Each structure stands twice: as C-alpha cells, then as structure tokens.
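**Student:** Note that this note's numbering numbers the sequence shown so that position 155 is 168, with each residue one more than the last.
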Amino acid sequence: SFGKTNQSFSISFWIQPQILFGTIVHLSTSSQGTGSECFPLLGFASNGSLIAQVLTKNNTIVAVAGPILSLSSSWTAIVLTWSETNGLKLYVNNALVSSMTASTFLASETTSNYLTLGNCLNGCSGCSNGTMNAAGPFTGAIDDWRIYSRELSSNDICTLYSN
C-alpha cells in the first residue's frame, strides 16, 4: 500500500517509550531515510505528545496530535489509519484520539518506499518533519508491528487491542 498513491493503509503496534522524543515510524524513498519523499509518519512533538501525519498529493503534511504517553512499564497500543474517505485517524489503547480530513496520500509509485522503525536515519534533518519537531532516534521498545493495505475498522482495532 505504500507503493500506491491513495491506497488505504493502517499501521498497528505496541509501544513502551523510555523518553517522549524521536521518530517512531519514518517513510522515505531511500534506504538511508532520505529521497524525493521522506517524512516521519509517527513520532513525538517537542512537548512529548504523539504525532501522526501523512503527506498529501500537493506535498502538504497533514498531522494529528495525540496524548502525551505514560512513561511506565506498561505497553500502549497505537494504530494509525488512512483512507480517502475517512482521512487520517490515530487510536491509542483502542480509543480514537484524533482525526483529520486528508483525502489524498502521496506515495512513490516509481521507486521503493521504505518504512524505518525507531529512527529517521539520514532523513532527520534532510526531510520535512511537519509538526514533528523532535525528529531523531526513538528510545524504548516496539512490539507486534503490523502493516495493513486497508483501513482498519474500529472493530478490527478493538480485536487487536483485546488480544
């Protein structure tokens, strides 16, 4: 889904941050984190809040802000979904915390798209960070990482959270 413009997608995982800083998921057209299209999909703002964002066809980053996560030994479930119909949605622990209209998603259909977990590699300074002004390495743990080529429904997300 990341190689096709306007293809719905979802990303889900569990997270246990040690600090509220850095890039959790970075998208780029280069294995080095840079390229013609590169930006952090998920990460933290300088105030520690969780940020999810997408790049639209007119090269504008649309972002939604989530809560400031707890720094504890417990795990937090994160789901990001995007579709032409419903735009960008961010779920934390099975609850929709933020959404925004974003009727397009720009993906490179001519070169490979790379998703990098926990770092933006060389793209920390060379890419558009949108509202994520705390780009850099993520410190913590990520588990049960999944990518879907469709928008997960609230029932799907509830099932993931319950299992």
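Backbone N, C-alpha and C fix where the C-beta goes; we use that ideal spot for every residue, glycine too. What you are looking at is a predicted structure, and each value in this text was computed from that prediction instead of being measured.
Short check: CB of LEU68 to CB of PHE52, under 8 Å?
**Tutor:** In this structure, PHE52 lies closer than 8 Å to LEU68 by Cβ.
**Student:** Around the Cβ of LYS183, are there at least 16 other Cβ atoms within 10 angstroms (buried) or fewer (exposed)?
**Tutor:** Here the chain comprises residues numbered 14 to 176, so residue 183 is not present and cannot be evaluated.
**Student:** Please go through the same chain and pick out, in chain order, the residues whose beta-carbon is closer than 7 Å to the beta-carbon of ALA147, but skip the five residues on each side of it.
**Tutor:** If we look at ALA147 and ignore the five residues flanking it on each side, its Cβ neighbours are PHE34, GLY35, GLY56, PHE57, ALA58, SER59.
**Student:** Rounded to a whole number of angstroms, what is the C-alpha to C-alpha distance between ILE74 and ALA115?
**Tutor:** Approximately 9 Å between the Cα atoms of the pair.
**Student:** So is TRP158 buried or exposed if we call it buried at 16+ other beta carbons inside 10 Å?
**Tutor:** Exposed is the call here.
**Student:** With distances taken between CB atoms, is the gap from LEU101 to SER86 smaller than 8 Å?
**Tutor:** For LEU101 and SER86, no; Cβs fall outside 8 Å.
**Student:** Spatial neighbours of TYR161 within its chain, please: C-beta separation below 8 Å, excluding the five flanking residues on both sides.
**Tutor:** Contacts found: SER14, PHE22, SER23, ILE24, SER25.
**Student:** Assuming GLN45 and LEU134 form a contact by the criterion Cβ under 8 Å, report the distance between their Cβ atoms to the nearest whole angstrom.
**Tutor:** With 8 Å as the limit, GLN45 and LEU134 qualify as a contact, their Cβ atoms being about 6 Å apart.
**Student:** Does the beta-carbon distance from GLY79 to LEU40 come in below 8 Å?
**Tutor:** Not closer than 8 Å, so no.
**Student:** Should PRO30 be labelled buried (16 or more other beta-carbon atoms within 10 Å of its own) or exposed?
**Tutor:** Buried: at least 16 other Cβ atoms inside 10 Å.
**Student:** Run through DSSP, which three-state label would GLY139 get?
**Tutor:** Note: GLY139 maps to helix in three-state DSSP.
**Student:** Shortest alpha-carbon distance to VAL77 belongs to which of VAL105, GLU50, ALA90, SER83?
**Tutor:** Per the Cα distances, VAL105.
**Student:** Report the rounded CA-to-CA distance for TRP95 versus CYS137, giving the unit in angstroms.
**Tutor:** Approximately 23 Å, taken between the alpha carbons.
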